[in-house]
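**Student:** What follows is a single structure, and I will ask about it in a moment.
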């Protein structure tokens, strides 16, 4: 009887091949033909190509906003200082879509363990009776743990959305409120992206004379 297919990727049993590796199935494996055409994966684009894509989409959005508002006799003020921090936020959001909660918590747990270890090492160094201070072994271990803590903090910052929100609020000009919306597209056609945003989220039509705009893009 036919049964509905399931896609529980955490179920180890579902990773068992349809044809086992046992000797009695060796002849059958040689005659298997895929029902799909194998397409080789494209190599990852170079960094400069990704940055070029970001620039093309960014310029298309900004120019379209300027043109529309100019035709309607409206000023267009852009806060360029927010571009970098907004890009960092887009990078964090992109990474959060491909990591599991356990992967997000693992660095934090490891950081807490290392901080406790460093605290113990520093206490041990204080009680050492060497006239030259801590032994070479202790100093080396303190330096190693300190470096690992620094690296982990940088890694956590790349995934910490709450910390990024604080950075954004600090970067917003005094007396201004920030209202924004991130978008995620599976393509980089700048015309298509611009049409979708301006049609479905017409913030370019804002009539407040004090309104300012901030644009940023990130391509992974």
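In my numbering, the protein residues as written are 8 to 227.
Glycine residues also receive a C-beta, built at the ideal position from the N, C-alpha and C atoms.
Just so it is clear, the structure is predicted and the values come from calculations on it, not from any experiment.
With DSSP run on the structure shown, which of helix, strand or coil describes residue 85?
**Tutor:** strand
**Student:** Quick check on residue 73: does DSSP put it in helix, strand or coil?
**Tutor:** helix
**Student:** Shortest alpha-carbon distance to residue 193 belongs to which of 124, 225 and 109?
**Tutor:** 225
**Student:** Output yes or no for whether 7 angstroms exceeds the beta carbon distance between residue 68 and residue 222.
**Tutor:** yes
**Student:** Report, in whole angstroms, the separation of the C-beta atoms of residue 153 and residue 125, which I expect to be a contact under 8 angstroms.
**Tutor:** Indeed, because the Cβ distance is near 7 angstroms, the residues count as touching under 8 angstroms.
**Student:** Could you tell me the distance, in whole angstroms, from the CA atom of residue 114 to the CA atom of residue 217?
**Tutor:** Counting only the Cα atoms, residue 217 lies some 43 angstroms from residue 114.
**Student:** Evaluate residue 197 with the Cβ neighbour count: other Cβ atoms within 10 Å of its Cβ, from every protein chain shown; 16 or more gives buried, anything less gives exposed.
**Tutor:** buried
**Student:** Pairs of beta-carbons, one from the region 44-59 and one from the region 202-220, closer than 8 angstroms: are there three or more?
**Tutor:** no
**Student:** Pull up the distance between the alpha-carbon of residue 212 and that of residue 111, whole angstroms please.
**Tutor:** In a straight line, the C-alpha of residue 212 is about 39 angstroms away from that of residue 111.
**Student:** Determine, using beta-carbon pairs with one atom in the region 152-169 and one in the region 198-208, whether at least three such pairs fall under 8 angstroms.
**Tutor:** With the cut-off at 8 angstroms, the region 152-169 and the region 198-208 do not touch.
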